[in-house]
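In my numbering, the protein residues as written are 7 to 301.
Quick reminder that beta carbons are idealized off the backbone N, C-alpha and C, glycines included.
Here is the structure we will look at, set down as structure tokens.
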């Protein structure tokens with residue numbers, strides 16, 4: 007990938023990687039006036055389709071502080087994950103207080119296996135429209151084609167239960183899915199073949215870490231693609247304290263090419279994510295700036 011051009015007036019981040027000069031957005035959105043469905047949002051305005059994965063802000067406690075910070079920066083949508091569903095009432099209250107919505111969510115496969123119907127109903131009560139299973143449970147991530155096809159069949163069954171409750175159901179990738187079967191297919195392809203109605207949230211940087219080409223993957227699976235995790239990678243050896251991740255627009259991902267591919271695929275939702283930011287506010291601001299610049 008071609009490294010992103012850096013601003014001449016860049017300052018140095020905590021991890022030592024030279025980012026663009028911060029230009030924090032002060033956009034104040036009236037969330038109440040927005041459509042409840044991100045599928046209906048104006049496709050010409052990427053910023054209106056920007057959400058943020060709450061996993062990125064997990065180092066901030068309590069949850070109310072996370073949501074208050076993200077709201078103050080200009081975010082109006084979030085993507086909840088995992089343990090946050092242990093107290094859905096608190097999550098709903100905090101979203102309402104800060105005028106935020108959660109059009110999508112990451113829900114663990116263990117929870118979905120246990121009770122897909124009531125899990126979907128809980129999500130529906132939170133205003134969630136699409137549930138993404140984010141990964142196989144520990145111990146199920148290193149299998150071969152047989153195992154990934156088995157997961158695909160299971161996802162197809164779960165998807166039927168979720169669809170019966172009026173929600174969409176999809177998969178979020180990591181790098182494991184880019185291992186290859188004996189026939190040369192990626193495990194992601196094997197999984198998708200077993201679950202024809204499954205939608206997809208592409209984690210663009212994890213595709214790269216898995217050895218894939220995210221632009222090619224967007225084009226190949228465009229009919230399934232409804233959301234993308236907007237995530238970046240630092241140059242090799244940099245941002246080590248952040249596990250090699252970079253703020254969106256400040257790493258080596260080819261965003262002009264990715265933006266063009268996502269536009270062609272009519273991606274409905276962008277979700278900013280950083281797996282281990284050492285400064286959540288910095289990451290969130292830069293993600294907002296990067297997507298704001300997509301005109």
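Residue 298 carries a helical assignment under DSSP once its states are collapsed to helix, strand and coil. The beta-bridge partner set that DSSP reports for residue 174 consists of 136. For residue 107, the three-state secondary structure derived from DSSP is strand. In this structure, residue 206 sits near residue 231, with a CB-CB distance shorter than 8 Å. Within its own chain, the residues whose Cβ lies closer than 7 Å to the Cβ of residue 122, once the five positions on either side in sequence are excluded, are 164, 167 and 168, listed in chain order.
DSSP places residue 123 in the helix class (H, G or I) of the three-state scheme.
In the displayed model, residue 223 falls within a helix according to three-state DSSP. Of the candidates 226, 61, 194 and 71, the residue whose Cα lies closest to the Cα of residue 153 is 194. Distances from the alpha-carbon of residue 285 to those of 53, 52, 72 and 51 put 72 closest. Counted as a single uninterrupted DSSP element, the beta strand (DSSP E) harbouring residue 276 occupies residues 275-278.
Between residue 215 and residue 253, the CB-CB gap reaches or exceeds 8 Å. Straight across, the Cα-Cα distance linking residue 63 with residue 268 is about 25 Å. Annotation for residue 78: the continuous alpha helix (DSSP H) segment containing it runs 69-79. The C-alpha of residue 297 lies about 14 Å from the C-alpha of residue 233. Within the model, the alpha-carbon separation for residue 60 versus residue 283 is close to 12 Å. The three-state reading of DSSP puts residue 56 in strand, counting E and B together. Nearest to residue 81 by alpha-carbon distance, out of 199, 89 and 105, is 105.
Rounded to the nearest angstrom, the Cβ distance from residue 258 to residue 241 is 6 Å, consistent with a contact under 8 Å.
For residue 83, the secondary structure class from DSSP, reduced to helix, strand or coil, is strand.
The beta carbon of residue 65 sits closer than 7 Å to those of 286, all from its chain and outside the five residues before and after it, given in chain order. A straight-line Cα-Cα distance of about 28 Å links residue 271 and residue 132.
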